[in-house]
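Okay, structure first, notes after.
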Amino acid sequence: MTNPAIEEYVSAIENHLRARRGVDHILSPRDFALARAWYEAGVPLATVLVGMDRAFEQTANVSSLSYCRRRVEELAASGPRPRIRPAPPAESIPLSDVEVLLTSLLEQLGNVRPAAGASFEPPLRKIREVQDLLAVASRPNWEYVRSKLREIDDDVSAAVLG
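Following the working numbering, the numbering of the sequence shown begins with 8 at its first residue and continues without gaps.
Structure (structure tokens):
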């Protein structure tokens with residue numbers, strides 16, 4: 008196999024079959040050809056796994072992928088495939104730039120005095136919250152980040168202007 012996508016597809020099928028049977032299992036050449044045919048026909052992996060589960064529900068002694076073939080192909084033919092959703096548009100500002108700006112904002116707020124009776128605690132807390140989110144999110148929810156940045160802006164303005 009040279010195509011990593013096929014490798015992942017087949018590996019997931021092998022792992023699922025292994026988990027359902029409770030013993031180590033490597034696909035036979037015939038089962039591998041069947042899995043490859045499903046991949047090339049565009050049968051979603053989820054459809055294959057659900058079809059395998061249904062075959063196991065019907066009979067507990069499934070010993071190869073061939074026993075699951077009918078269930079998988081029934082599912083694949085039973086209706087329209089879900090359309091693939093497009094990826095969200097990439098942000099024009101890199102994540103690292105946003106992190107640097109937030110760090111700079113924290114430092115700058117340490118040098119400014121809030122108006123009498125006001126506090127920078129709410130915006131500081133929100134800045135740290137956004138920093139924590141950006142530190143762990145590989146693809147952050149930019150709409151949420153934007154709304155938090157607006158809140159921070161409003162809170163800082165209120166604290167400075169009193």
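Yeah, the Cβ is synthetic: ideal placement off N, Cα and C, and Gly gets one too.
The structure displayed is predicted, hence computed values, not measured ones.
{"Asked": "In whole angstroms, give me the CA-to-CA distance for R76 and T9.", "Found": "24 Å"}
{"Asked": "Can you list the beta strand (DSSP E) stretches of 3 or more residues lying completely in the stretch 75-157, in chain order?", "Found": "none"}
{"Asked": "Can you give the Cα-Cα distance for L140 and P147, rounded to whole angstroms?", "Found": "7 Å"}
{"Asked": "Over what stretch of residues does the alpha helix (DSSP H) that includes N22 continue unbroken?", "Found": "P11 to R28"}
{"Asked": "Just verifying my parser: in three-state terms, what is the DSSP assignment at T54?", "Found": "helix"}
{"Asked": "Looking only at its chain, what residues have a beta carbon closer than 6 Å to the beta carbon of D162, apart from the 5 residues adjacent to it on each side?", "Found": "P129 and P130"}
{"Asked": "Less than 9 Å between the beta carbons of L82 and L41, yes or no?", "Found": "no"}
{"Asked": "Can you tell me where the alpha helix (DSSP H) with A42 in it begins and where it stops?", "Found": "P36 to A48"}
{"Asked": "Starting from the C-beta of Y46, find all residues in its chain whose C-beta is less than 6 Å away, skip the five residues before and the five after it, and write them out in chain order.", "Found": "I13 and Y16"}
{"Asked": "For N68 and G49, what's the separation of their Cα atoms in angstroms?", "Found": "28 Å"}
{"Asked": "Please identify the residue among I134, S18, R157 and D60 whose C-alpha is closest to the C-alpha of L109.", "Found": "I134"}
{"Asked": "Helix, strand or coil for V69 per DSSP?", "Found": "coil"}
{"Asked": "Could you compute how far the alpha carbon of E158 sits from the alpha carbon of S145?", "Found": "23 Å"}
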